[in-house]
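Everything below concerns the one structure shown next.
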Amino acid sequence: MLKQYLINQIKQVIKQEYHLLSREVILTNPPDAQLGDWSFACFSLAKKIKQSPDKVAQHLSEQLQIDKIITKIVVVGPYINFFVNKTVWFKYTLRLIQQKGKDYGRNQQGLGKRVMVEFSSPNTNKPQHLGHLRNDLIGDALSNLLTFSGYQVIRSNLINDRGIHIAKAMLAYQKWGENKTPTSEKMKGDYFVGDYYRLFGKKVKENPHLLDEAQDLLKKWERRDNQTIALWQKLNDWALNGLIATYQELGIKFDRWYFESEIYQSGKKIILQALKKGLCYQQADGAIEIDLGDEKLGKKVLLRADHTSIYITQDIGLAKLKFDQYNLDKSIYVVGSEQIYYLQVLFKILKLLSFPWAEQCYHLTYGMVNLPSGKMKSREGNVVEIDTLIQELKQLAQAEILSREPNISGEELNKRSKKIALGALKFYVLKFTLSQEVNFKPKESISFEGNTGPYLQYTYARIQGILNKAKTDEPLDLVDDFSALKEETEIQLLKLLSQFPEVVKQAGEEYNPAQLANYLLCLTQSFNKFYHQCSVLQASTKQIRQARLVLISSVAIVLENGLHLLGIKPLDQM
RNA sequence: GCCCCCAUAGCUCAACGGAUAGAGCAUCUGUCUUCUAAACAGAAUAUAGAGGUUCGAUUCCUCUUGGGGGUACCA
Numbered sequence: 014m015l016k017q018y019l020i021n022q023i024k025q026v027i028k029q030e031y032h033l034l035s036r037e038v039i040l041t042n043p044p045d046a047q048l049g050d051w052s053f054a055c056f057s058l059a060k061k062i063k064q065s066p067d068k069v070a071q072h073l074s075e076q077l078q079i080d081k082i083i084t085k086i087v088v089v090g091p092y093i094n095f096f097v098n099k100t101v102w103f104k105y106t107l108r109l110i111q112q113k114g115k116d117y118g119r120n121q122q123g124l125g126k127r128v129m130v131e132f133s134s135p136n137t138n139k140p141q142h143l144g145h146l147r148n149d150l151i152g153d154a155l156s157n158l159l160t161f162s163g164y165q166v167i168r169s170n171l172i173n174d175r176g177i178h179i180a181k182a183m184l185a186y187q188k189w190g191e192n193k194t195p196t197s198e199k200m201k202g203d204y205f206v207g208d209y210y211r212l213f214g215k216k217v218k219e220n221p222h223l224l225d226e227a228q229d230l231l232k233k234w235e236r237r238d239n240q241t242i243a244l245w246q247k248l249n250d251w252a253l254n255g256l257i258a259t260y261q262e263l264g265i266k267f268d269r270w271y272f273e274s275e276i277y278q279s280g281k282k283i284i285l286q287a288l289k290k291g292l293c294y295q296q297a298d299g300a301i302e303i304d305l306g307d308e309k310l311g312k313k314v315l316l317r318a319d320h321t322s323i324y325i326t327q328d329i330g331l332a333k334l335k336f337d338q339y340n341l342d343k344s345i346y347v348v349g350s351e352q353i354y355y356l357q358v359l360f361k362i363l364k365l366l367s368f369p370w371a372e373q374c375y376h377l378t379y380g381m382v383n384l385p386s387g388k389m390k391s392r393e394g395n396v397v398e399i400d401t402l403i404q405e406l407k408q409l410a411q412a413e414i415l416s417r418e419p420n421i422s423g424e425e426l427n428k429r430s431k432k433i434a435l436g437a438l439k440f441y442v443l444k445f446t447l448s449q450e451v452n453f454k455p456k457e458s459i460s461f462e463g464n465t466g467p468y469l470q471y472t473y474a475r476i477q478g479i480l481n482k483a484k485t486d487e488p489l490d491l492v493d494d495f496s497a498l499k500e501e502t503e504i505q506l507l508k509l510l511s512q513f514p515e516v517v518k519q520a521g522e523e524y525n526p527a528q529l530a531n532y533l534l535c536l537t538q539s540f541n542k543f544y545h546q547c548s549v550l551q552a553s554t555k556q557i558r559q560a561r562l563v564l565i566s567s568v569a570i571v572l573e574n575g576l577h578l579l580g581i582k583p584l585d586q587m
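Residue numbers (this note's numbering): 14 to 587.
So, in structure tokens, the structure goes:
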């Protein structure tokens, strides 16, 4: 690697001149390509040896050798700027990409390590909306990134299929459902169930006693009352089928499903044992509580007075179950920022109960999704459902495609519009920094222009168009001569292509898919600039043409790999 | 009340403590007989306020102001 070579050269000179072993030699990109290809800033080194940065830069640069790879060294104030041999760089990078193909950018960071990513975790009382979508997409992209970094990743989903919110939907259906079914109403199951959940919300305003009835229903469920269980099973299946259909539409898969109805009692035993050991205590009314030993966190009840379990009881049990079953190195919870305090409490409890793996639990937070009309609340119907949005996007994409290709076959139209719709939606959501709240703008989310998923897909399609027309007889991975690539845009592309492995590695380490998303935009913009300035097929010489074909084919590979990590499918034609 | 997060262009977002703060939308102006105009080129506009740390702060610290979230024997 050229960058590593440079770093080693610098390290050597620093050692020789100042007798310092500097582990951190960081090379940056100069703000302008005219300044150089890589840059070393001498500030921190200057501080260590108590000299002015300018002096250090000057002195170091005089000791550095120019060779076949480093062609020029220019000092600008405290910066040492390096120019490297582009032909060598092109050859190394492009051949590497051609050889590795789909594996270009893969790293071994997590080799031998096992990590679980729990995400999505929907309730079975309504369809998934935009808030879930962000969670789904982050969880999926993160899992992809970690897999690409060599981790063994287990994607898990905890289905919240029990509790008062489920009982509410059940009660409404029992009272006003008239034995309708999703089939009879020609509705997706989760939407069908969601309607009854909302209906409950409406009716309970007129008649507050309905809440007591729902409570009773939940108690009957807990007593395993036959009729109640049957009703629950029925609604639950409908809702779950709807949820699964959405995952299929999104192309998201899970390795392990946990159902709250099956594990909600787990954790009880752990707590009773902890009580015996004196790790927690019983209150006068019988409730079991733990002192979190921290003023900010306070105290937390672990089991109700009647020793039935509450939500955290099951999360304690589930955490243990995960580590017992999978011997995890890391357990990541993808959960919104509104649950920061809750997960802090959970992890603290696990630590206080002296589970050795407590420190390996990690909460990956992200900001909420806001609509222009304000906060999303399923109960009030102020939501944008995922399926609905995808349908809208698909229709828009179809209109776009038809305006370009009126005679396209129905099947192809369907296929393409789905990829484009999902590409737009996924990229729109994933490009936000996690800690940022997402202000969902309907118009921008359905846009296919500018910084969007379809822009990336379009660029990929453009490249495929050229490659298909090129019909080159020389296999691209055998092209050897890149000395003809001299344009600024070509070199810009080279730099970006060689950066990809670092970007992926960092995005994985920092659990930050947005970083990859922004990199891909940068690469794509750079390509389109090149596209408008340089012709590939009409290049002035065969040498340039062949070299450019390899270059753009490499861009396509990197783009495809990057999109794949974000869960977005490229298109050969648009 | 207490705790946490956020504040960058008219709008939505970028920017390992480093060189001239970048994109996209919207607005205005150009570019399709030439590899797909879902594109490209150009114009214009920004770090909420006050201190501090630092050779250097959009980035770190404190306060102020303005948004959001949390503070259950709910899930």
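Cβ atoms here follow ideal geometry from the backbone N, Cα and C, with glycine treated the same way.
Where do the N-terminal and C-terminal ends of the alpha helix (DSSP H) with residue i fall, by residue?
i	result
residue 337	324–339
residue 566	555–579
residue 458	455–458
residue 535	526–546
residue 503	501–522
residue 242	239–263
residue 21	15–31
residue 370	No alpha helix (DSSP H) contains residue 370, which DSSP labels as neither H nor E.
residue 475	466–483
residue 148	143–161
residue 274	273–276
residue 168	Where residue 168 is concerned, there is no enclosing alpha helix (DSSP H), although the beta strand (DSSP E) it sits in stretches over 165–172.
residue 283	281–290
residue 208	202–219
So, helix, strand or coil for residue i, using DSSP?
i	result
residue 361	helix
residue 420	coil
residue 121	coil
residue 72	helix
residue 345	strand
residue 236	coil
residue 295	strand
residue 128	strand
residue 302	strand
For the candidate residues the options, whose alpha-carbon lies nearest to that of residue i?
i	options	result
residue 370	48, 127, 97 and 342	342
residue 335	295, 287 and 276	276
residue 9	453, 498, 313 and 229	Residue 9 falls outside the range modelled here, since the chain spans only 14 to 587, and no answer is possible.
residue 288	356, 367 and 344	367
residue 472	45, 297, 189 and 542	542
residue 321	45, 221, 95 and 278	278
residue 118	513, 529 and 238	513
residue 399	192, 261, 18 and 559	261
residue 297	319, 345 and 311	319
residue 564	429, 579, 494 and 140	494
residue 379	459, 427, 504 and 525	525
residue 247	306, 187, 267 and 263	187
With burial defined as no fewer than 16 other Cβ atoms inside 10 Å of the residue's Cβ, what is the status of residue i: buried or exposed?
i	result
residue 50	buried
residue 354	exposed
residue 183	buried
residue 133	buried
residue 148	buried
residue 325	buried
residue 434	buried
residue 56	exposed
residue 14	exposed
residue 583	buried
residue 511	buried
residue 573	buried
Start and end of the beta strand (DSSP E) containing residue i?
i	result
residue 178	Segment 177–189 is the alpha helix (DSSP H) holding residue 178; no beta strand (DSSP E) there.
residue 51	51–54
residue 95	92–97
residue 138	Looking at the DSSP string, residue 138 is not in any beta strand (DSSP E), and its letter there is neither H nor E.
residue 375	374–377
residue 85	83–89
Ordered along the chain, which non-local residues of its own chain (more than five positions away) have a Cβ less than 6 Å from that of residue i?
i	result
residue 164	123, 126 and 128
residue 173	136 and 273
residue 207	139 and 140
Within the same chain, show all residues whose beta-carbon is closer than 8 Å to that of residue i, passing over the 5 residues directly before and after it, in chain order.
i	result
residue 502	539, 542, 543, 546 and 547
If you drop the 5 nearest sequence neighbours on each side, which residues of the same chain put their C-beta closer than 7 Å to that of residue i?
i	result
residue 82	15, 18, 97, 98 and 101
residue 28	34
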